[in-house]
Ligand code: PLP
């Protein structure tokens with residue numbers, strides 16, 4: 006008998022440049038040996054220099070993509086990424102409640118490294134109030150954690166407080182990514198698990214502008230590991246290690262914030 010291959014879905018926006026969003030997610034899923042599928046919520050015109058334009062899909066088409074997957078696949082884990090605006094966040098939440106796509110990783114994507122807003126500011130409250138409560142794990146960077154919790158994070162104590170605030174909002178497990186922090190040597194993430202245990206994950210900081218899609222890659226790798234049944238703490242450690250290796254083993258593509266090497 007052929008065993009069913011682990012199937013996962015990314016619910017997110019595309020990147021025509023291939024380095025972030027749905028494209029980074031599918032490449033990561035392939036690298037982690039799970040079968041990646043996608044619900045495209047928005048399409049961006051993008052390269053390594055920035056986001057030139059984007060448009061959200063009609064919500065009816067988003068509904069139909071959810072229905073297509075639910076009718077045919079056994080999705081074992083899912084993630085959300087760029088969701089564009091409050092209406093689309095709400096629509097995705099409604100769809101997630103209708104289907105059983107397994108553990109949900111919420112990557113609360115807000116602003117691209119080049120400065121483009123991938124989520125309307127009015128939608129932050131919708132992510133906080135409707136999507137975060139569904140999250141098996143939420144993976145904000147520091148600015149996203151601040152936006153969701155209303156806290157100003159200036160040190161490790163602030164990261165710990167934000168982790169607990171996100172759990173109070175309903176997320177079961179939390180990773181606060183410290184990549185936007187001030188320490189020049191290391192990037193440290195704070196992890197708070199559902200059972201209250203917490204730990205720090207540190208990786209040496211690589212001096213590179215080739216970091217496009219790091220958040221997507223982390224959350225996609227985490228989703229892949231959860232689909233395989235890997236326990237949360239181990240899945241998080243694997244995802245952090247995968248991203249660190251993908252940043253360190255750089256490839257030369259494009260003229261700006263280059264994409265990661267997903268072949269590590
Ligand atoms: N484009 C899309 C569709 C994304 O989902 C993301 C991040 O989640 C980005 C761009 C931004 O990537 P970065 O800020 O890593 O360059």
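In my numbering, the protein residues as written are 6 to 269.
Even for Gly, the Cβ is constructed at its ideal location relative to N, Cα and C.
All values reported here derive from a predicted model rather than from experimental measurement.
Residue 172 burial status per 10 Å Cβ neighbour count (16 or more: buried): buried
Whole runs of the beta strand (DSSP E) within the region 78-152, excluding any shorter than 3 residues: 80-85, 109-111
Report all residues from its chain with a CB closer than 6 Å to the CB of residue 125; omit the five preceding and five following residues, and keep chain order. 90
If I'm right that residue 215 touches residue 192 with Cβ under 8 Å, what's the distance once you round it to whole angstroms? Between residue 192 and residue 215 the Cβ distance is about 15 Å, and since that is not below 8 Å, they are no contact.
Only counting runs of 3 or more residues, tell me where the beta strand (DSSP E) segments fall wholly within the region 222-264, in order along the chain. none
So is residue 5 buried or exposed if we call it buried at 16+ other beta carbons inside 10 Å? Missing from the structure shown is residue 5; the chain here goes from 6 to 269 and no further.
Supposed contact pair residue 114 and residue 220 - C-beta distance, whole angstroms, cut 8 Å: 7 Å
CB contact flag (residue 2, residue 26, <8 Å): For the chain, the structure presents residues 6 to 269; residue 2 sits outside this window and is missing.
When you compare each of 68, 170, 28, 129 to residue 52 by their alpha carbons, which one comes out closest? 28
In angstroms with no decimal places, state the Cα-to-Cα distance between residue 119 and residue 212. 17 Å
Look at the alpha carbon of residue 237 and the alpha carbon of residue 176, and state the distance between them as a whole number of angstroms. 13 Å
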